[in-house]
Amino acid sequence: MIRLEKRPTPSRFWQAATPVVAVLLTMIAGGAMFGLLGKNPIEVIRTIFWDPLFGEFAWYLRGQLLVKAGPLILIAVGLSLGFRAGIWNIGAEGQYIMGAIFGASVGLAVFPTENRLIYPVMVLAGAFGGWVWAMIPAILKTRLNTNEILVSLMLVYVAEKILSKAALGFLRNPEGAGFPGSRNFASYPAASNPELIAGTGMHWGVVAAFIVVIMAYVLLQKHLLGFQIKLAGQAPRAARFHGVQPTRLVVMCLGLSGALAGLAGVFEVTGPAGQITLDFNVGYGFTAIIVAFLGRLNPLGILLAGLLMALTYIGGEMASTNLGLPSAAIQAFQGMLLFFLLAVDVLANFRVRVFATTARGTN
Amino acid sequence: MLRRTLLATAALGLGIAFAGAASAQDKTKACFVYVGPIGDGGWTFQHDQGRLAVEAAYGDKVETAFQENVPEGADAERVMTQMALSGCDIIFTTSFGYMDQTNAVAAKFPDVKFEHATGYKRDSANVSTYNARFYEGRAVMGHIAGKMTKSGKIGYIGSFPIPEVIQGINASFIHAKKVNPAVTISVVWAYTWFDPAKEADAAKALIEQGVDVILQHTDSTAPLAEAAKTPGVIGFGQASDMAAYAPSPRVSSIIDNWAPYYVERVGAVLDGTWAQKDTWAGIGGGEVQIGAISDAVPVEVKAEAEAMAAAIGAGTYHPFTGPLNKQDGSVWLKDGEVANDGDLAGMGFYVEGIVGDIPK
Amino acid sequence: MDFGAINPAVLIASLMVASVPILLAAIGELVVEKAGVLNLGVEGMMIIGAICGFITAVGTGSPLLGFAGGAAGGAALSLIFAVLTQGLLANQVATGLALTMFGLGLSSMMGQGYNGIKPPLTSAVPFGPLSDIPVLGQILFSHDWVVYASVAIIALVGWVLRYSRVGLILRAVGENHEAAHALGYKVQRVRLGAILFGGAMAGLGGAYISLVRVPQWTDGITAGQGWIALAIVVFASWKPWRVLIGAYLFGGISVLQLNLQAAGSRIPVEYLSMSPYLITIVVLVIMSSGRATQNAPAALGQNFHASR
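Residue numbers (this note's numbering), protein chains in the order written: chain Y, 8 to 370; chain F, 1194 to 1553; chain S, 8 to 315.
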């Protein structure tokens, strides 16, 4: 008879060891799948996990890892604060889009002025755009008691329609021969977000992600708001006795996560993506939810989870191009990795006990 | 130590570092970047058919590689860079949204050839662009539609209001009106590239408005399946032949056929004659194929449509030949004048007789 | 405005068909959430249902078996979720999202070779002369059996949750799993049942897309309908009949905006295309304002572990 027994405190050893165990299990299960698809499992696994970090082109791909992980981390850190407090913003994708549109609009409005202040103002506008979009569910929730899950999710689709309107209409490149899409920021230095050191992938968005991780860590450890967030999530009633105002907390958490998603949007549109297009958003806002939980809602954990997600994207892509695997197999593989990561987490919080007697009355 | 050297190299000039990477191999490698999955049965599926044709044509002399589901933006740039680094000699980037990334990566890899579908930027000498004149096929569809409609109402399901779709709407309307002056066209914008259920609803909405011929610029068979439910309503296959719905409601189809172009361009790399160019071929070049016109269409209409396709293919007839006015009544093309490619490529207006506005 | 050109009977008939996938997936998810489990993997289960249903229907030539296959496929995928969240106490939100990712990938691999095939036809239920009744005949008696089944399932779930012992236990587990456990109910087993039911319903909804609505197989065929289903459960504030209202409202506006376009409405298209989402929000705001509680199951999203 196997039983799980809750540990009084999570095991430090297993907290560190579970990701490794999960990756190993994924390699075995995923390897079996790749073998069934007629590929050499070892070669595939090496291409996914090893090559982007230490392979022939790692000097390029390591930087790309940061490009891919940056927005995920930035959004996930913001979301994690709300999730801790039991506030469900699942519309980060929409806030990301609105951040990009607001930021890009400011930059394109003053084109082609060259001024050092333009970029900082765009960044602020981006954060503002994401914040505004998150304030809609926040206000509806606090004033009219409307569920934030539905409102934030529905607003993603509305943001997508606004994005197509921007790409086809008000932000369309006037020199683009009638095609959809805005000007490319790469050709507008005052408003662009280039690599800070060539070849490293570092751009302002990645820098911001690192700063935000540190700030969130400090916030949760030292600041009153961090304490309130944790308390509200763990013991809502106790939180009220401690003077936590639920309304204020909802507005703070949604606003913060919206602003960070908006920041990710404006850094992406001015940097790696380069322009507003019909399909500018690629699902970072949704993937970031997974990243937030994989990182156990902890800023440092999110940093690692974001990098791991990015690794599976880039490594998976390489396996797909170089070894001819369908991209669907990679997607399924990513799903498996997540399953294992989530499954073995049980070892950190529970002890597995084997009983000889027949225990009674348990599930 | 090694790391520092590499960083220094990268900082000195990416171009040099990159240029050295892609060389020294025996087989010619052709690589393809796809925006959707091969299983979309439409746009990406047809590009992959072109890739398979390249393999079939050159056998052991080439190898191909591809990447599906590549989002536009940073991901596309990374995929192209990876391909160039890993030894691709020619890279086909098969979506309009890859335009800026294609040119950016091409600038770093002067020895690799880049072929960008449906774009117009060729910033460096190793970038070519190619597109298909889908409107030529639409003109033939429009002719059949004008002849076949009994209600005098044609429906058009558009994805996004971009020039390529607007060309198609105008071309089909002009030719339907030519044979049936009373004809009207209703356009429904789905505002999505891909949502089969929504396409079905759009077709249903059009049929409800009395439309009995449906043209679609979205890739699924959903509108045809919807048309099949109402007797007398016909439609056309889009991107692929959709022969499962022949002879009716699918009376003909417009097929994207990239194979001839891909075989030609990879061949040019093989024999060293590859040079930059801008290709916009249509029925004549084989890029646009008209699928077999079914028996649901009267023999004489079928003959006329085939003659028209042949004339377009031979270059003796241009679907946009004056006199043609814009929607507001102003003159676009004078009698006998033919639209120039620049105007067509950026087309942002309806021709006279179409009711409604293009969303902006 | 020019509603005049739109026939309301036809509009209602088509919104009933358009809403079926969302309706089925949403009522399944409602049962899952009533048991205190939040499964965000609806999209993944739907698309697995779509491909399993398609493969079965094409293979056997029977649409009926196809729907059974779709439901089985959706339930099978939801079993992964059940094992992870109930057996290994994994986080529900993240597991659900991973399920969607896995389902999208797996469906695409399973679907290779099924492009461009026409599945066997699901025809309308023959009501004979009833379907010729003006207006009513078109609205009520012109559909295939799944449309009626979907409404029947809503009624059944509504009845079971409200009046039956099973429903009572399910709600108890979802409201307070500690108390339910103390009363001797097997919390995890009840939740497992609810999750499988949710998976089967999502699979059925997916199969409706690939067998009736579209009908064909292409990658990504569900195109986000699973997400809408999740929103509809919230919209319904966890009440079965409101799922029907929510799904018909959303489906109705989606169909209406296309009809308005086809009828040549002067409302700009981009606003029309946003309207289903905006109107759903507005209606929810009106319905929920002034209410103290949102009626969400109290234990929603929390894992249960019996400490003794």
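A virtual CB, placed ideally from N, CA and C, is assigned to each residue, including glycine.
Against chain F, the beta carbon of Y:E50 has no neighbour under 9 Å; the closest one sits roughly 14 Å away. Around the beta carbon of S:R273, fewer than 16 other beta carbons lie within 10 angstroms, which makes this residue exposed. Taking a C-beta distance under 7 Å as the contact criterion, Y:G281 and F:D1316 do not qualify as a contact pair.
In the DSSP annotation of this structure, the continuous segment of the beta strand (DSSP E) that includes F:S1379 starts and ends at T1377 to W1382. Put simply, of Y:T294, Y:I125, Y:G137 and Y:L115 the residue whose alpha carbon is nearest the alpha carbon of Y:L178 is Y:L115. Taking CB atoms only, Y:S112 has no neighbour in chain F less than 7 Å away. For F:N1324, the enclosing beta strand (DSSP E) covers residues V1320 to A1325. Runs of the alpha helix (DSSP H) spanning 4 or more residues and lying entirely within the region 19-64 of chain Y occur at 19-43, 48-52 and 58-61, in chain order. Under the three-state reduction of DSSP, F:S1446 is assigned to strand.
Put simply, of F:E1499, F:A1503, F:D1464 and F:K1495 the residue whose alpha carbon is nearest the alpha carbon of F:G1477 is F:A1503.
When DSSP states are grouped into helix, strand and coil, F:Y1227 belongs to the coil group. Excluding five sequence positions before and after F:P1416, the CB atoms of its chain that fall closer than 8 Å to its own CB belong to I1350, E1392, A1393, A1395, A1396, I1407, Q1409 and G1428, given in chain order. Burial is judged here by how many other beta carbons sit within 10 angstroms of a residue's own beta carbon; S:N46 has at least 16 and is buried. Under DSSP, F:L1408 forms a beta bridge with F:Y1349. Closest by C-alpha distance to S:L177, out of S:L307, S:S114, S:L71 and S:V250, is S:L307. Residue ranges of uninterrupted alpha helix (DSSP H) with 4 or more members, entirely inside the region 1258-1346 of chain F and ordered along the chain, are 1267-1278, 1292-1301 and 1327-1341. Residue contact check for Y:Q71 against chain F: a CB pair falls below 7 Å.
At a cut-off of 7 Å, the C-beta of Y:K168 has a neighbouring C-beta in chain S. With respect to chain F, the C-beta atom of S:I58 has no partner C-beta closer than 7 Å. Chain S places a beta carbon closer than 7 Å to that of F:G1234, counting this residue as a contact. As the crow flies, the alpha-carbon of F:K1340 is around 10 Å from that of F:M1334. The alpha carbon of Y:L170 has as its nearest neighbour, out of Y:L301, Y:P201, Y:A132 and Y:Q102, the alpha carbon of Y:Q102. Near chain Y, meaning a CB-to-CB distance below 9 Å, no residue of the region 1434-1466 of chain F qualifies. Rounded to the nearest whole angstrom, the C-alpha separation of S:V289 and F:I1400 is 30 Å. Using a Cβ-Cβ cut-off of 8 Å, F:L1399 is close to A269 of chain S, given in chain order. Interface flag for S:D226 against chain F is set, since a Cβ pair is found closer than 7 Å.
Judged by beta-carbon spacing, Y:P59 lies within the 7 Å limit of Y:G322, meaning their Cβ atoms are closer than that value.
Against chain F, the beta carbon of Y:G185 has neighbours under 7 Å at P1356, G1539, M1540 and G1541, listed in chain order. Between the alpha carbons of F:F1302 and Y:P201 lies a gap of roughly 19 Å. Comparing alpha-carbon positions, the option among S:A101, S:L84 and S:M23 lying closest to S:N310 turns out to be S:A101. Within the DSSP secondary-structure output, F:V1490 pairs in no beta bridge.
Following the DSSP letters along the chain, one finds Y:R14 in no beta strand (DSSP E), marked with neither H nor E. Contact annotation: the region 1418-1433 of chain F touches the region 1221-1237 of chain F, with at least three C-beta pairs closer than 8 Å. At a Cβ-Cβ threshold of 7 Å, Y:V276 and Y:A111 count as neighbours. Under the DSSP definition of a beta bridge, F:E1256 partners with F:K1222. For F:N1518, the secondary structure class from DSSP, reduced to helix, strand or coil, is strand.
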